[in-house]
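J.: Could you have a look at this structure, given as structure tokens, before my questions?
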Amino acid sequence: DFWWDSIQLQIINTCAIFHLASQFGHRHHVRTRQIRKMKFACPLLLAASALPTGAFIVQKPQLAHRLKHPASTSQLNFFWKKKSADVKADDDVLPDPERTMTSPSLAQTHMQGPLTVNGSGKALTREELDEVRKDLEKLKKEYDFKEPVRSFMDEEDTKWIFGGPPDYSLTNYLYLKERTHIHKPGSLEEVVENLVKTWEMERSHKADYKQHQSVDQDRFAISANGGKVFNNAEANEIGNYNALLNACPADIWDSANTSWEQSHDKFHEAFAAFPWEVLEVYSGPPKVAFTWRHWATFTGTYEGNQGDGQLVELFGFGTAVVNDKLQLCDVEIFYNAEEFISVLRGEKDVESVNADWNSGGANCPFAALVAAR
């Protein structure tokens, strides 16, 4: 009995250690078959390597108390703690993607609302997205429009939150059709606009912030409306919404108790897309000062309030310090967040907000082009 129990415990311990080696090797890009070439490998150990993490037993108290062999459960637990610490330290060198999410399509990752109020109330179908793409190509051809450029979307080994690079065809279509300014190619306004769009893409879709190339990794900081200044890692951890709504009263937006995922969930069903444009740029690098507009058609719901298709707009001012690589270093944003949330909640009408900013559609260059035909 004693010897059989000893053998059982050794098999259990060895299986656990071999499984850890397999998991460790996988995390550090070592092929499992290389581990399986170890001389002590046997069918039982190979089976252990295929088990999911945590699926094996690492200790057997009813056996351990009868054994005086050094390979006791306490020693095994010490081994596990040590290896876990080693793996965690190595993660600083090879970070795993910590955030993964699913979406109806790569064209509607964070904004998953319907295109029209009287539609399905859900994200666009494949057929509807195909029609949008056709309309986008028609718009570009007829008016010689160019889509915004979001850089660093084709980098190898990118860890994507939604499993792949986002499809901006829907957002770009609405941006080209509904923007209020058409900037000259190569202008400072276009450069700033594309930089901010690239930053938004990376923050919202790349899981590993160390792969974000639109920011200076060491210097990046961001704040809004005089609120807390977040460094690069902090801003990535809490997400853009929490960083930019941090200065709001808790009854408007409780950023302290809202996770990255929760912050994005709150807007999922409100809009089909949420385009953004630069209005004017007042100074060039290294400190760029600019005004901007963020807008959407409120076709979905926010906190239970159903939109009726009204145009919801955000206007604001920002400054961005950039380095010699045109990477963002220090960003400050100013806007009226309370009015925006109040409109989405149905507490205010769109006509009562943005009194000094409201575009009203009168200055829309696309509308002017259509009217001229």
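Residue numbers (my numbering): 48 to 420.
Glycine included, every Cβ here is placed at the ideal spot set by N, Cα and C.
Remember, predicted model here, so these are calculated numbers, not experimental data.
1) I'd like the list of long-range same chain contacts for Leu171, defined as Cβ closer than 8 angstroms, with 5 residues on each side in sequence excluded.
2) Determine the DSSP secondary structure at Trp339, reduced to helix, strand or coil.
3) Could you tell me which residues DSSP pairs with Gln155 in its beta bridges?
4) Give me whichever residues DSSP pairs with Ser330 in a beta bridge.
5) Which residues in the same chain have their Cβ closer than 6 angstroms to the Cβ of Cys295, if we skip the five residues on either side of it in sequence?
6) Do Phe381 and Asn272 have their CB atoms nearer than 8 angstroms?
7) Hey, Val276 and Leu375 are a contact pair by Cβ (cut 8 angstroms); roughly how many whole angstroms apart?
8) Less than 6 angstroms between C-beta atoms, sequence neighbours within five positions excluded: which residues of the same chain meet that for His315?
9) Can you list, in chain order, the residues of its chain with a C-beta nearer than 8 angstroms to that of Gly356? Leave out the 5 residues immediately preceding and following it.
10) Using a Cβ-Cβ cut-off of 6 angstroms (strictly less than) and excluding sequence neighbours within five positions of His73, which residues of its own chain qualify?
11) Span of the alpha helix (DSSP H) holding Ala384?
12) Below 8 angstroms on the Cβ atoms is my contact criterion, and I expect Tyr220 with Leu176 to pass it. Report the Cβ-Cβ distance as a whole number of Å.
13) Among Phe364, Lys188, Gly233, which has the Cα closest to the Cα of Val325?
14) Start and end of the beta strand (DSSP E) containing Ser216?
15) Is it buried or exposed, Gly331, if we count other Cβ atoms within 10 angstroms and call 16 or more buried?
T.: Reading from the atomic positions:
1) Excluding five sequence positions before and after Leu171, the CB atoms of its chain that fall closer than 8 angstroms to its own CB belong to Pro151, Ser152, Ala154, Gln155, Pro161, Leu162, Val179, Leu217, Ala319, given in chain order.
2) Residue state, collapsed to three classes: strand.
3) Under DSSP, Gln155 forms a beta bridge with Ser152.
4) DSSP lists Ala336 as partners of Ser330.
5) Shown here for Cys295: same chain residues with a beta carbon closer than 6 angstroms to its own, the five before and five after excluded, namely Ala384 in chain order.
6) In this structure, Asn272 lies closer than 8 angstroms to Phe381 by Cβ.
7) At roughly 14 angstroms, the Cβ-Cβ gap does not stay under 8 angstroms, so Val276 and Leu375 are not in contact.
8) If we look at His315 and ignore the five residues flanking it on each side, its Cβ neighbours are Gln159.
9) Counting only residues of its own chain and dropping the five nearest sequence neighbours on each side, Gly356 has a CB closer than 8 angstroms to the CB of Thr163, Val164, Thr344, Phe345, Thr346.
10) Caution applies to His73, whose pLDDT of 40 falls short of 50 and renders its modelled position unreliable; the model cannot decide the point.
11) Element bounds for Ala384: 384-391.
12) That pair is no contact at about 10 angstroms.
13) Checked all of Phe364, Lys188, Gly233; the closest Cα to Val325 is Phe364.
14) Run containing Ser216: none in the beta strand (DSSP E); it sits in the alpha helix (DSSP H), 216-225.
15) With fewer than 16 other Cβ atoms within 10 Å, it is exposed.
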